[in-house]
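Enquirer: Would you mind keeping the following structure in view while I ask a few things?
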Amino acid sequence: MPAPHPNELRVQVLSYWALGIQPPDIAKMLQINVRTIWDMIQKGQDRGYNPAQSMRVKLEYVEDGKRSGRPKEISEATDMAVLASVKQDRNGREKSSEILAFEAETAYQHKKSEVEIAALNAELEPILREEWEIETRLKRLHLRGVPGRVPTWRFTEKTGKLVRKSKGGVDWWRYQQEILLPHLIPFAKACKIERPDTKVLEDGAPAHKHHAQRRIYSIHEIEKIFDWPGNSPDLNAIEPCWMWMKKRTTSRGAPRDKKTGKTAWIKAWNELPQEKIQGWIERLIRHIQEVIQHDGGNEYKEGRTDHDARSWKGRRIKGQLSARQDLSPDP
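Here is the structure:
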């Protein structure tokens, strides 16, 4: 259809056609292309319109269908429910990141982020421009007769402008608004009460190392270690958790679909013993000492000791299966 037509006009076309008026005559009466008239009639017939049975024209015979690629129509109540599922998660930022990775950002959230980022850019531009001008003057202080154009200020992503490029998942903005500010920053502040030298260490994911996050840490006076090595050894307490979770959720075979997998992971996460988490944290002390001793290498046995301290005496009984840690006690 070359141009959109209101539903009232489409109903009028079907009504004239039902009364026996030919499409060329309808086109002249309504000043519409005759091909468009035929398209409207064909659409109505395809959707069940039959004037021989009923002259009544229903809205479903004429309205446009939903096109692929359009944003989903999500009510405000649904939007709030999605946010609540993230912000009220008792397990903290790692669980929330897992949920966020599978939940698409709503059109309302995306539009709201554009407004907020535009306001931040309006605040940042004069500050960044002043810094750029000072730095540029210092660079050209002792230059004489240098050919070429004098540098001019342009507020772009290269000079510090905040820009969103991601089309899904967790980018720097969603991580900042739904993980960093509501979860990680308050947790770090709580840790600083008893441990003033608390520092935050994250990996080199783009959402973590974006320059906008530095401003957040500076505002809240939280120290972060930014020079995280790309191929660091086992110095993150959350890493052993993923292997434990994988064994737990795939011991009886991989999940058949996304829904089953999500249910299994949430169940395994809730069953994760606190003692296991504490053990993963405590072994970091030895790991750090080993890394220093090996000049940054990882040629050491992971764990709280350099050997397997578990005792198997009395655990193997003839005629009975040994218990597996990665299997749930439930059948």
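Residue numbers (this note's numbering): 1375 to 1705.
The beta-carbon is built from N, C-alpha and C at its ideal position, and this holds for glycine as well.
In this text, all values refer to a predicted model and were calculated from it rather than measured experimentally.
1) Residues bridged to Lys1675 by DSSP?
2) I need the straight-line Cα distance from Ile1590 to Lys1432, nearest angstrom please.
3) Is Val1408 closer than 9 Å to Pro1397 when the C-beta atoms are compared?
4) Could you tell me which whole alpha helix (DSSP H) segments of length 4 or greater appear in the region 1612–1673?
5) Terminal residues of the continuous beta strand (DSSP E) containing Lys1535?
6) List the residues that DSSP assigns as beta-bridge partners of Val1574.
7) Just to confirm, is the Cβ distance from Trp1546 to Ala1586 under 9 Å?
8) Are Ile1651 and Ala1611 close, meaning C-beta to C-beta below 9 Å?
9) Does the Cβ of Gly1394 have 16 or more other Cβ atoms within 10 Å, making it buried, or fewer, making it exposed?
10) Using alpha carbons as the reference points, say which of Tyr1674, Glu1382, Gln1551 and Lys1573 lies closest to Ala1581.
11) If you follow the alpha helix (DSSP H) that Asp1399 is in, where does it begin and where does it stop?
12) In whole angstroms, what is the alpha-carbon distance linking Ile1662 and Leu1609?
13) Within 10 angstroms of its Cβ, does Leu1383 collect 16 or more other Cβ (buried), or is it exposed?
14) Answer with buried or exposed for Trp1616, where buried requires no fewer than 16 other C-beta atoms within 10 angstroms of its C-beta.
15) I'd like to know whether the C-beta atoms of Ala1638 and Pro1629 end up nearer to each other than 9 Å.
16) What does the alpha-carbon distance come out to for the pair Glu1649 and Asn1495?
17) Reducing DSSP to helix, strand and coil, say where Met1414 ends up.
18) Can you tell me the Cα-Cα spacing of Ala1481 and Lys1539, whole angstroms?
Expert: Judging by the given coordinates:
1) In the DSSP output, where bridge partners are listed per residue, Lys1675 has none listed.
2) 55 Å
3) yes
4) 1613–1624, 1632–1645 and 1648–1667
5) It is not in any beta strand (DSSP E) - Lys1535 carries neither H nor E in the DSSP assignment.
6) Lys1598
7) yes
8) yes
9) exposed
10) Gln1551
11) Pro1397 to Leu1404
12) 7 Å
13) exposed
14) exposed
15) yes
16) 45 Å
17) helix
18) 15 Å
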